[in-house]
Structure formats: C-alpha cells, structure tokens
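Chemist:
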Amino acid sequence: SIMLRFLILFSLLIHSCVAPPKTKAAAGALPAKKWLTLSGKEPAVVARGGFSGLFPESSATANDLAISSSSPDLTMLCNLQLTKDGAGFCLSDIRLDNSTTISTFLPKGQKTYKVYGQNLKGWFALDYSADTIFSNVSLVQNIFSRPSIFDGQMSIAAVEDVLDAKPPKFWLSVQYDAFYMEHKLSPAEYIRSLRFSGINVISSPEIGFLKSIGKDARRAKTKLIFEFKDPETNEPTTNKKYSEILLNLAAIKAFATGIIVPKDYIWPIDSAKYLKPPTTVVTDAHKAGLEVYASGFVNDMLTSYNYSFDPSAEYLQFVDNGQFSVDGFISDFPPTASQAISCFAHQKRDTPKIGKTLVITHNGASGDYPGCTDLAYQKAVDDGADVIDCSVQMTKDGMAFCLDSTDLIPTTTAATTLMTRATSVPEIQSKSGIFSFDLTWAEIQSLKPQIQSPFLAADGFPRNPKNKNAGKFMTLADFLKFSKAKAVTGVLINVQNAAYLASKKGLGIVDAVKSALTSSKLDKKVLIQSDDSSVLDSFKAVPQYTRVLSIDKEIGDAPKPTIEEIKKHADAVNVLRSSLVTISQSFATGKTKVVEAMHKGNISVYVSVLRNEYLSITFDYFSDPTVELATFIAGNGVDGVITEFPATATRYLRSPCSDLYRELSFAILPAKAGTLVSVASKEAQPPASAPNPPLDAKDVIDPPLPPVANLATNNASGGAPPASLRSGTITTTANLSLSLMAMLALGLLLCAGA
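If you use mature numbering (1 follows the signal peptide of the UniProt record, and there is no 0), the sequence shown corresponds to residues -19 to -1, 1 to 735, in order.
#1: Taking the beta strand (DSSP E) that Phe372 belongs to, which residues open and close that run?
#2: DSSP has Glu272 in a bridge; who is on the other side?
#3: With distances taken from CA atoms, which of Tyr602, Lys663, Glu535 is nearest Pro672?
#4: Look at the alpha carbon of Leu107 and the alpha carbon of Ser193, and state the distance between them as a whole number of angstroms.
#5: Assign Ser531 to one of three DSSP states: helix, strand, or coil.
#6: Determine the extent of the alpha helix (DSSP H) in which Tyr587 is found, giving its start and end residues.
#7: Can you tell me where the alpha helix (DSSP H) holding Tyr296 begins and where it ends?
#8: CA-CA distance, Val658 and Thr570?
#9: Taking the alpha carbon of Gly277 as the reference point, which residue from Leu389, Pro88, Tyr246 has its own alpha carbon closest?
#10: Can you give me the Cβ contacts of Tyr595 inside the same chain, cut-off strictly under 6 Å, excluding the 5 residues immediately before and after it?
#11: Tell me the DSSP secondary structure of Pro53 in three-state form.
#12: Taking the Cβ atom as the reference point for each residue, do Leu58 and Ser154 lie within a distance shorter than 9 Å?
#13: Counting C-beta neighbours from all protein chains within 10 Å, is the total for Gly21 16 or more, i.e. buried, or is it exposed?
#14: Three-state secondary structure (DSSP) at Thr624?
#15: Mark Ile369 as exposed unless 16 or more other C-beta atoms lie within 10 angstroms of its C-beta, in which case mark it buried.
#16: Compute the Euclidean distance between the alpha carbons of Phe267 and Asn215, then round it to the nearest angstrom.
#17: Are the beta-carbon atoms belonging to Ala553 and Ser585 less than 9 Å from one another?
#18: Under the rule that 16 or more other beta-carbon atoms within 10 Å means buried, what is Thr56, buried or exposed?
#19: Specify whether the region 410 to 428 and the region 379 to 387 touch according to this definition: at least 3 beta carbon pairs, one from each stretch, less than 8 Å apart.
#20: Helix, strand or coil: how does DSSP classify Ile322 here?
#21: Is Phe151 helix, strand or coil when you go by DSSP?
#22: Report buried or exposed for Val523, applying the criterion of at least 16 other Cβ atoms within 10 angstroms of its Cβ.
#23: Can you determine whether any heavy atom of the ligand SAH sits closer than 8 Å to the C-beta of Lys204, and answer yes or no?
#24: Looking at the strands, I want to know which residues DSSP matches up with Gln99.
#25: My understanding is that Asn123 touches Asn79, with C-beta atoms under 8 Å, so please give their C-beta distance in whole angstroms.
#26: Kindly provide the ranges of any beta strand (DSSP E) runs that are 3 or more residues long and lie completely inside the region 463 to 536, ordered along the chain.
#27: For Asp142, does the three-state DSSP call read helix, strand or coil?
#28: From Pro128 to Ala497, what distance separates their C-alpha atoms?
#29: Could you spell out the range, first to last residue, of the alpha helix (DSSP H) harbouring Ser224?
#30: Kindly list the residues whose CB is nearer than 6 Å to the CB of Ala169, restricted to its own chain and excluding five residues on each side of it in sequence; keep chain order.
#31: In chain order, what are the residue ranges of uninterrupted beta strand (DSSP E) at least 3 long that sit wholly in the region 371 to 425?
#32: Using only CA atoms, which one of Ile137, Tyr255, Lys150, Ala294 lies nearest to Ala47?
#33: Since Gly655 is in the beta strand (DSSP E), which residue starts that stretch and which ends it?
#34: Report the residue from Asp145, Gly345, Lys541 whose alpha carbon sits nearest the alpha carbon of Lys679.
#35: Just how far apart, CA to CA, sit Asn287 and Asn100?
#36: Looking at the structure shown, is Thr570 part of a helix, part of a strand, or coil, going by DSSP?
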C-alpha cells in the first residue's frame, strides 16, 4: 500500500514537471554549440544517486525525478554496496547508519572495521543479508539542509531495480573493492554476474579493481573511469598518493578512458573562498586522451563567492570559460547541471531577453556589492538589468541620496563611529537606529558603505567579504545622471517616510524627488514606488510616470473594491514572494490569486525580493534561484522581478529555455506549489498554514501628506532646509512675505527721499 501511494503521488509530481504543449509556429532548433570537451560533444550530466539533493539517495523517487527533470541523455550513478550474501544495492556510504533507519531497527548492530587504514564505527552492509536490508530498512536524508519529511518512507534500491527502470545511461561506482575483497565479497564477480548488461560506465578509486575487470569491460563496451580522491590520500593498490598519480596521466590511459576529480582539482578555492587560477588538469588529461568528470556539485552549500550563490554560474565556470570544458558533472541536483549546459552555456551578453518581464534591481546588484553604491549600480548595468532603483533618503541638511533604509546601521559603518547618535524613532522602526535625517551629508560621506548579508547572523553566510565596504554613496542627482548615461530602460525611485520627514524633520522628500527628476531631464522610463498612496498621488500630474504601490505584508487576494482603490493611486504593485506562493517549512504549499486579480484590473505585478542564497529558496525550486524565477515569471506571469542578483534573472530571460512554447529537448519549468510536499506521508507533512488574508481597500488609503514643517534647526548651520525641499504651500507663503517686505522697504525709501 505504501508503494502504491508513492506511485500515485509521484505521478502527480511528474505531471507538474511536464511543459505545456509546444506550438508548431514557436518551434525552432537552436544552433549547435561548440564544446571544448574531449569528444567535442556537450558535457554529460551524471546524477549521483538520482535527485539526491531532494530525495534520499538512489530511492526510486530520486531516480525517477532525476530522469524526468534533467537532460534527455542523463546518466544515473549508483554507488555499489554489497550485503553479506552478495546482493548489490546503491548507497554512497559504506556505513548504513548515516543514510538509513538501520540503527533504529537493529540498535545493537554497531561494529568497527578498518577501512583504508582508518577505524570506522557504524552499521556495515556486509553484516546483513539482502532480506534484512530490503525488507526492514528504509532510507533517510543524511544532509541536514535537505528535506527530512521523506525519511523512513522509501526503500533501498537494489542495483537491478535501478537498471530495470532503464535510465538513459547507467554508471556504477565501486568505492570499496579492497575492503569487500578482504571480507570475501567481490564487487568484480557481482558485476560479472550482471554480465555488464546495461552498465555504460564503471568507476573506482582503486587501480587494481579497474585492471581486474578491464578485459570484460572492453568486451561489453563499458567505459572505465579512475576516480581521484583527496590529493594526500593513498591509492590502495599502489599505495601512492593521488597527487603523485596525477603527475602521470598517460599511465592511467592504459586501464581507463577517463578520470573523476573533485571540482577543486580544476578550479581551486583559497581560504577566503575566492577562486584561484585554474589548474591544467583538464587540458593535461585531454592531451592524454582522457575524459574528465568533475564531482562535488550541489546547490545547497556555500562554495566560492565568485559564483554569487548561483549554482548555474559554478557549472558554467567549468564548461564555458573559453579555455577548456570538463566532459561531465557528477551532481546531486541534475536539473541545475542540465540547464547550465542546455540553456545558459555560450550565451552572449547582447542576447535579447525573451518576453516583457522587467528585471528590476533592489539597491542595484546588492548581492555582490554594498547596496546603492556606484559599484552596485554599475554591476547591475553590466548584468543587464532593465530598471535600476534608488530608495531615496534625506540628510539633515536636505541632501537626497540613495540607500536602502534611513537607518544607517545595516548599510554603513555608522555603528562603529556614530553610536552616540543613535535614537529611537517609533514612527520609523521599533528598534533604535542611526538615522540619515539626523546627520549631514558630510557626516554620511565620512562613513563607508556596508554590504547587507541577510543570512549572516543566523546562518553564517556573508556576501562577498572582499568587497563588503567597497563603493561610494550616490546622491539622487548623481544616480539619475548615471542612469541617463547607461543602457538601462529606466529607473525606480522608492520614496519612504514622506509624512514623518515633512512633519517632524521639515524635509520635503517628495519635492526633492520631483526637483531631481526635472533637473535630470531623464528620457527613460520612470517608476515611482511608495507604500504611501498619498505620495503616489503627488506624482499623478506626470502621467508618463508609472506609480507602484508597495505592499509590504502578505496577501492572498485582492477583491474588486481593493483593485478599484489601487487604480486610483497606482499602475502597478510590488508584492512579497509569499503573497504569490505560500510557504510552510520551506515547502511551497499553495498559489494565491493575487496576480490574476491584479491583471484583471489592468494592474502590473512586480515580485520582491529575490535572492540567490539557497536558504531563501524553497525545496520545490530545487534550491535553485533560476527555478524560482521560472515559477514567478512563467508560472505566475509577473510583470517584473525585483532582485539583488540581476545577472541570474537576465541570464534566465535571455535563454530560449525560458520559453515553454518553444520546441526544445529541455526547458526550465516552473514548480507547482503543493505537489512536492504531497509525496510525503500525511503524518510527515508540515502543518497547513492559515491562508493569506485578502488585501482590504482601506489598507490602500493613506492620509494626505502634511505640509513640510518650518524647523529652524534642521541643517548644520541652524537654518531651515533649502526652499526647494519644502512644500509648495510653504514656498508660496515665504515668497509672498518676501514681496511684502520688499514693498515696505521701497515705501520707506521713497518717504525718506521726499
């Protein structure tokens, strides 16, 4: 009954991964790509234990999803283990307690064995019969960053089971031949019992084993691949270090057609997690006639900061660098490897985007540089962003500049030098801060910008430490001048805290923005964003501006009265990701009606904020920011994505794989909320969360903006803010007073002359 349930539920999962029907008119083959692999063909995608980044390794579910969601020519890799009666099954670790329930089933079964010179303690396969393993033990996920709700529900896969599923290609990895031979079990004899049938590739880190099956493998036309381990580890047959064996690749050609190396063998990473120059391993191996497969690719681990937390960027580094290409990847996330090869490799920077979805930045490319700095904006332009943004803040002396928040602590070094200036402003935020409106522009310029790392405190994930304080702050005027000179479609100006600044600080942020836009003579698309409807109303007189209402709370729908109210103030909305797809314990559980409702009212929808770190991405998106983009763009139909990593969004939209109606062998498909979690048993599923409430019309309406207060202590010299930053009413009154004073003075002079 359990197996039947999983077959039914898994059929739903597969159904959600099928692209919509392709139209004949939209079909079109892509030009052939030229690869720097040994054969000149595209690199292979090798799924380690199926889709083991999501499901327990080599489970039927992991294998099936890997086949359905990856390149058509996928290779399925099974790590061979043997039972005491010689049955073979697929699992990486020779100890079963890390990836199965055996320690619960047999709590006293722990033993210690010497494996390659090390004493290992655990539950070992060779101590148990095939019946015990297959009938009483089930799989668990052994990496804590991956979903655990499938634990204990999937059976261990026999090698024959995986072969019977008929994967496009099958790869058998034999890691522990010498250990099993020592205990009178022979992996070679087990493989011979299968007659090499259906086995396309066999790999091992043991030279003796590969030589022992060489004749049979050649007869069966099965490739043999030698696997390199840690450079300082000794290879069991020769007792030489793998680093020493690497120096004589020609000798490997005598018994193997290729090699596996950990990815750091090719692109080493320094202690600060930045890439070092590449080694010559790939080019040397190709000269020796050997293929090179790189291993260790996952989506849910911090690698090099050079990749900006984008797993596709890492794959591209190995196949699209202009110098060499590996011949294949061994990955726990085969769809990501597939999209890098099929969709993104050899993409030109001037390739036009597909569709009309806007790529809008959040503080520039703030995932790579401190937000709202010259470097963040330039990186965004280089990355192909359509719209770059400036969240406008005001200084004490009336300077309008770009920064994510008026509180300087998260985005500058103010906390190290100006903590005595910290105050509490409940109207702005619940905690105290160092606010821009309490400092002069000169004081702010004395600070350094600071990159925001949203996952640093809780998870230890900093962003680009080498450049954490790089770049310069930009005034609003400089930002507009920069935007005018660059190849961007337009700008988004975000106006915050206008009512507070006007009434309590005597600063007219709305007038400052209007003045800057007028002076800039910007001839590009302008989006004015605010969470305050009265701010948006202030720009109604300029119809060419697109007004964007920022909705900073979770919503699940927008009834017709709400839509009508929004249309009075805005042309578009900026909504949270969780207002479009509901999330429970990192699973997508449902899709809301927000986009549908807004589009019916002719209101554009932008979604924010998209980030690349896998910690911000649900399991349904494969821990891959590209799948999240596909879900919001192709699956939900948003009109724009607001992102801190515009390069990832631009690359997706430039790819033909983003067009689900194009006839291609591989497409990047949106996730269907609720499908993945349904594969788990009811008892293991996360509790259902309450649905997001609909947006009420009254939540859209804000009070009219107050006039700008005439405060004499706002700037550094003690005078009032510049006249251009004050409201029209105040300015008119001041001009009238000056005129009356001038007339009075003139009258006195005339009287004196008489």
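C-beta atoms are modelled at their ideal positions from N, C-alpha and C, and glycine is treated no differently. The structure displayed is predicted, hence computed values, not measured ones.
Modeler: Per the coordinate set shown:
#1: On the sequence shown, position 391 is the one that residue 372 refers to. The question names Phe, but residue 372 in the sequence shown is Ser. 368 to 375 is the extent of the beta strand (DSSP E) around Ser372.
#2: Indexing the sequence shown from 1 puts residue 272 at position 291. Under the DSSP definition of a beta bridge, Glu272 partners with Gly239.
#3: For the purposes of this step, residue 672 is taken as the residue at position 691 of the sequence shown. Comparing Cα-Cα distances from Pro672 to each of Tyr602, Lys663, Glu535, the minimum goes to Glu535.
#4: Taking the first residue of the sequence shown as 1, we reach residue 107 at position 126. Taking the first residue of the sequence shown as 1, we reach residue 193 at position 212. Approximately 22 Å, taken between the alpha carbons.
#5: Within the sequence shown, numbered from 1, the residue matching residue 531 stands at position 550. If DSSP states are grouped into helix, strand and coil, Ser531 belongs with the strands.
#6: Mapped onto the sequence shown, residue 587 falls at position 606. First-last for Tyr587: 585 to 591, but that is the beta strand (DSSP E), not the alpha helix (DSSP H).
#7: By one-based count along the sequence shown, residue 296 stands at place 315. Where Tyr296 is concerned, the enclosing alpha helix (DSSP H) stretches over 292 to 300.
#8: Counted from its first residue, the sequence shown places residue 658 at position 677. Counted from its first residue, the sequence shown places residue 570 at position 589. Answer to the nearest angstrom: the Cα atoms are 7 Å apart.
#9: One-based indexing of the sequence shown puts residue 277 at position 296. Closest by alpha carbon: Tyr246.
#10: Sequence index remark: in the sequence shown, residue 595 carries index 614 (1-based). Here the set comprises Asn280, Asp281, Ser604.
#11: In the sequence shown, the residue the question calls residue 53 occupies position 72. If DSSP states are grouped into helix, strand and coil, Pro53 belongs with coil.
#12: For the purposes of this step, residue 58 is taken as residue 77 along the sequence shown, with counting starting at 1. For the purposes of this step, residue 154 is taken as residue 173 along the sequence shown, with counting starting at 1. The answer is yes: Cβ separation under 9 Å.
#13: Here residue 21 refers to the residue found at position 40 when the sequence shown is read from its first residue. Taking a 10 Å sphere around the C-beta of Gly21, we find fewer than 16 other C-beta atoms and assign the residue as exposed.
#14: The residue given as residue 624 occupies position 643 in the sequence shown. Under the three-state reduction of DSSP output, Thr624 falls in the strand class.
#15: As a working note, residue 369 is residue 388 in the sequence shown. Ile369 should be labelled buried.
#16: If you number the sequence shown from 1, residue 267 lands on position 286. If you number the sequence shown from 1, residue 215 lands on position 234. One detail in the question is off: residue 267 reads as His in this sequence, not Phe. Taking the straight line from one Cα to the other gives about 24 Å.
#17: On the sequence shown, residue 553 is found 572 positions in, with the first residue counted as 1. On the sequence shown, residue 585 is found 604 positions in, with the first residue counted as 1. Yes, they are a contact pair.
#18: As a position in the sequence shown, residue 56 is number 75, starting the count at 1. With 16 or more Cβ atoms within 10 Å of its Cβ, Thr56 is classed as buried.
#19: yes
#20: Residue 322 sits at position 341 when you count from the first residue of the sequence shown. Correct three-state label for Ile322: helix.
#21: On the sequence shown, position 170 is the one that residue 151 refers to. DSSP places Phe151 in strand when its eight states are reduced to three.
#22: Translated into the one-based positions of the sequence shown, residue 523 becomes position 542. Classification for Val523: exposed.
#23: This structure simply doesn't include the ligand SAH, nor any ligand for that matter.
#24: As a first step, residue 99 must be located in the sequence shown, where it is residue number 118. Val96.
#25: Position 142 of the sequence shown, counted from the start, is the residue given in the question as residue 123. Position 98 of the sequence shown, counted from the start, is the residue given in the question as residue 79. Going by Cβ atoms, the distance from Asn123 to Asn79 rounds to 5 Å, so yes, they are a contact pair.
#26: Secondary structure in the region 463 to 536: the beta strand (DSSP E) runs of 3 residues or longer, each lying completely within the stretch, are 471 to 476, 506 to 511, 527 to 532 in chain order.
#27: In the sequence shown, counting from the first residue as 1, residue 142 sits at position 161. In this structure, Asp142 counts as helix in the three-state DSSP scheme.
#28: To locate residue 128, count along the sequence shown from 1; it is residue 147. To locate residue 497, count along the sequence shown from 1; it is residue 516. Distance between the alpha carbons of Pro128 and Ala497 is about 50 Å.
#29: Walking along the sequence shown from the start, residue 224 turns up at place 243. That run of the alpha helix (DSSP H) goes 223 to 226.
#30: Indexing the sequence shown from 1 puts residue 169 at position 188. Only Ser193, Ile194 meet the Cβ criterion.
#31: 381 to 383
#32: Translated into positions along the sequence shown, residue 47 becomes position 66. Closest option to Ala47, Cα to Cα, is Lys150.
#33: Taking the sequence shown and counting its residues from 1, one reaches residue 655 at position 674. Gly655 -> no beta strand (DSSP E), and no H or E assigned at all.
#34: Counting from 1 along the sequence shown, the entry for residue 679 is found at position 698. Among Asp145, Gly345, Lys541, the Cα nearest to that of Lys679 belongs to Lys541.
#35: The residue given as residue 287 occupies position 306 in the sequence shown. The residue given as residue 100 occupies position 119 in the sequence shown. Going from the Cα of Asn287 to the Cα of Asn100 covers about 38 Å.
#36: The residue labelled residue 570 in the question sits at position 589 within the sequence shown. Here Thr570 sits in strand by DSSP.
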